[in-house]
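Here is the structure we will look at, set down as structure tokens.
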Amino acid sequence: MASRRDETPVDDDIPPTTQLPEEVKTPEEASTTQLFPKPSILPPPPRRRHGPSRARIVHPTKDSLYDIMHQHCGTSLFLRPPCWTDQHATLLGARFFELPPCDSPVPINVPGSLPSRGHLRPSPAVKTLSEALTQILLPTPSPSARSAHPIPTIMSTLWPASFSTEPQACPELHMFFGHRVYRDAVRTQFMWSYPASGPRSIRRSLNSTSARPADSHGGPSTSAGHSLANKPMMCYISKNSLVFMRHTLFRMTTGPGRTVNEPVRRLQRARTKILLPANPNHDVQFVAIFLALAQRHFYPPPARVCKRDTPWWTAKGPPPRPDFHDIKLRILTHDTETAEFILYTGHVAAKFLERFHEPSKTPLEDDGSVPGLAIEYTRIPIWPILGLRERLGKALGEDIVGPFDPTTMETWDDEDDEKTQTAGKRKREALSEVFNGSFEEATDDESERLSAKSQCLGKGPQVGVVM
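Right under this line is the structure:
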């Protein structure tokens, strides 16, 4: 008996088990389980997305427009051009170069000499120029279209072959960025286009400019394959208009009883002060105007819709890449304090336009630098009127005004000579008509008398003639 107790295992000696005891089933439950087995729990299959596929994230290249905005993520850079500051010009690589003034030719006043014929008896063209130039130099508190109205008259009088067509007043200049267009983003007062069919001298100068290999900034001004007909050539905007635009950009509503909210007013003044350029001659608005003028050469006009920004390409498929070329454009303005015209010439490179067409990419120049915008400007004294045509023509260049002699001043005295000659011809023609008429009348009277005498002689006796 003792040996049997020793053989019986103790409970503490039984090894533990991790398996659960099998559930005891009745015969009925076992047969039911065999007929209807429990389904196995499996994870649901992945659902297929039926919506549009998520856009693929593209990392912008270094120094691209998107990369610049990422680097300055705390600064408001993606704004419409009226809200641009000097920082925009710096980040876009815009550089201003002041050229020597075009201050010759001018008439030489010799002491003791008699005044010229134009001073004693100015021609109608000189009178028109004097009135128009005086009007644009008058100080105006709020510039309007009427204050700039004399500008087309001045340009058409000085260079009628190039500016004879009526300019477009307050044109709508759009700005293209990627696949979107921002309507009426840039403001100017007047815009002239290249003539479709102008004088032969201007067409010859345009062709020579388009085939020019390079300019002072290392790039052709206009490609030979790019047609300039009816494309933007030059625009005008006064400096007073730029100042007035910034001061009226932020509007403030009045409170009850037409009271002014002084804290908001001070805030708006501070915002306006930020927009003012440090150097008025290096205004960032000129950068925006040159960009909008150049893009108008290559992009199609967008459809008219109410929205201010829409995709500029509405057809199916990706938008086509415009055939960009280097181009040279002008902006004319004037300084009321110094009585000078200021002409800005922008050398817009094709790769600079590509930066706005593909903001995530950075096309580089041949030397590896990021393309920017080179802007040259020169001053043209308005007075005296004699020589203004040549001074302005030297600043504009022969590709705009055609070949001319900058040393020979236009005096417009030929108009009086032509009118005098025309009046003299008319007087001589009138006198000759009177004399011819009197002779014809006398001849008719004499023929009547001779016929009467012959009739009398025929009736009477014959008279002999003494030889």
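Add 4 to a position in the sequence shown, counting from 1, and you land on the number used in the working numbering. Don't be surprised by glycine CBs; every beta carbon is placed ideally from N, CA and C.
**Report entry** Three-state secondary structure assigned by DSSP to R255
**Finding:** DSSP places R255 in coil when its eight states are reduced to three.
Query raised in the report: For Q139, which option in V405, F408 and I386 has the closest C-alpha, if you only look at C-alpha atoms?
Result: The residue with the shortest Cα to Cα distance from Q139 is I386.
Requested in this report: Just the C-alpha distance for T263 and C239, rounded to the nearest angstrom, thanks.
Outcome: A straight-line Cα-Cα distance of about 40 Å links T263 and C239.
Query - CB-CB length for E380 against F181, believed under 8 Å - result: The pair is not a contact, with the Cβ atoms about 26 Å apart (cut-off 8 Å).
Query raised in the report: Could you check where the alpha helix (DSSP H) with Y70 kicks off and where it finishes?
Result: Taken as a continuous stretch (DSSP letters only), the alpha helix (DSSP H) holding Y70 covers L69 to Q75.
Requested in this report: Please report how far the alpha carbon of Y198 lies from the alpha carbon of F254, in whole angstroms.
Outcome: Distance between the alpha carbons of Y198 and F254 is about 36 Å.
Report task. Specify, as a first and last residue, the run of the alpha helix (DSSP H) that H183 falls within. Result -> Segment: none, H183 is in no alpha helix (DSSP H) and carries neither H nor E.
Query raised in the report: Since M238 sits in a beta bridge, which residues does DSSP pair it with?
Result: According to DSSP, residue pairing for M238 in a beta bridge involves W196 and R334.
**Report entry** Limits of the unbroken alpha helix (DSSP H) element including P367
**Finding:** Per DSSP, P367 lies in no alpha helix (DSSP H) segment and is marked neither H nor E.
Report task. Please determine, among P306, T157, L400 and P324, the residue with the shortest C-alpha to C-alpha distance to K332. Result -> Ranking P306, T157, L400 and P324 by Cα distance to K332 puts L400 first.
**Report entry** Three-state class that DSSP yields for I155 in the structure shown
**Finding:** Reduced to three states, the DSSP call for I155 is helix.
**Report entry** Residues bridged to L124 (per DSSP)
**Finding:** Beta-bridge pairing links L124 to no other residue.
Query raised in the report: Should D409 be labelled buried (16 or more other beta-carbon atoms within 10 Å of its own) or exposed?
Result: D409 should be labelled exposed.
Report task. Assess, as a yes-or-no matter, whether the segment 299–308 is touched by the segment 266–274 under the definition of 3 or more beta carbon pairs within less than 8 Å. Result -> Contact between the segment 266–274 and the segment 299–308 is absent, because fewer than three Cβ pairs lie under 8 Å.
Query raised in the report: Cα separation between L280 and F82?
Result: Spanning the two alpha carbons is a distance of roughly 18 Å.
Query raised in the report: For R99, which three-state DSSP category applies?
Result: Residue state for R99 is assigned as strand, using DSSP reduced to three classes.
Query - Assigned secondary structure, D90 (DSSP; H/G/I helix, E/B strand, else coil) - result: Here D90 sits in helix by DSSP.
Query raised in the report: Taking buried to mean at least 16 other C-beta atoms within 10 Å of its own C-beta, is A218 buried or exposed?
Result: Note that A218 scores 38 on pLDDT, short of 50, meaning its location in the model is unreliable and no value can be drawn from it.
Query raised in the report: Of the choices D71, I293, N234 and G78, whose alpha-carbon is the least far from that of F174?
Result: The identity of residue 174 in the sequence shown is Cys, whereas the question assumes Phe. Here the closest residue by C-alpha is I293.
Query raised in the report: Using a Cβ-Cβ distance under 8 Å, would I404 count as near chain D?
Result: Of the protein chains in this structure there is only one, and it is not chain D.
Query raised in the report: Looking at C-beta atoms only, is the number of pairs between the segment 341–358 and the segment 366–381 that lie closer than 8 Å three or more?
Result: A contact is defined here as three or more CB-CB pairs under 8 Å, and the segment 341–358 meets this definition with respect to the segment 366–381.
Query raised in the report: Grouping DSSP H, G and I as helix and E and B as strand, with all else coil, what is P315?
Result: Correct three-state label for P315: strand.
**Report entry** N244 classed as buried or exposed, judged by whether at least 16 other C-beta atoms fall within 10 angstroms
**Finding:** Label assigned to N244: buried.
Requested in this report: Could you check what DSSP says for R84 in three-state terms: helix, strand or coil?
Outcome: Reduced to three states, the DSSP call for R84 is coil.
Report task. Could you have a look at K431 and say whether DSSP puts it in helix, strand or coil? Result -> Note that K431 scores a pLDDT of 45, beneath 50, so its modelled location is shaky and nothing firm can be said.
**Report entry** Contact check, W196 vs M237, beta carbons under 8 Å
**Finding:** Yes, they are a contact pair.
Query raised in the report: F360 to S68, Cα distance in whole Å?
Result: Going from the Cα of F360 to the Cα of S68 covers about 9 Å.
**Report entry** First through last residue of the alpha helix (DSSP H) which encompasses T382
**Finding:** For T382, there is no enclosing alpha helix (DSSP H); the residue is part of the beta strand (DSSP E) that begins and ends at L377 to P385.
Requested in this report: Within its chain, find whatever has a CB closer than 7 Å to the CB of H338; leave out the 5 residues flanking it on each side and keep chain order.
Outcome: Cβ within range, chain order: I140, S242, E344, F345 and I346.
Requested in this report: Compare the beta carbon distance of T79 and D71 with 8 Å and say whether it is the shorter of the two.
Outcome: When the beta-carbon positions are compared, T79 and D71 stay at least 8 Å from each other.
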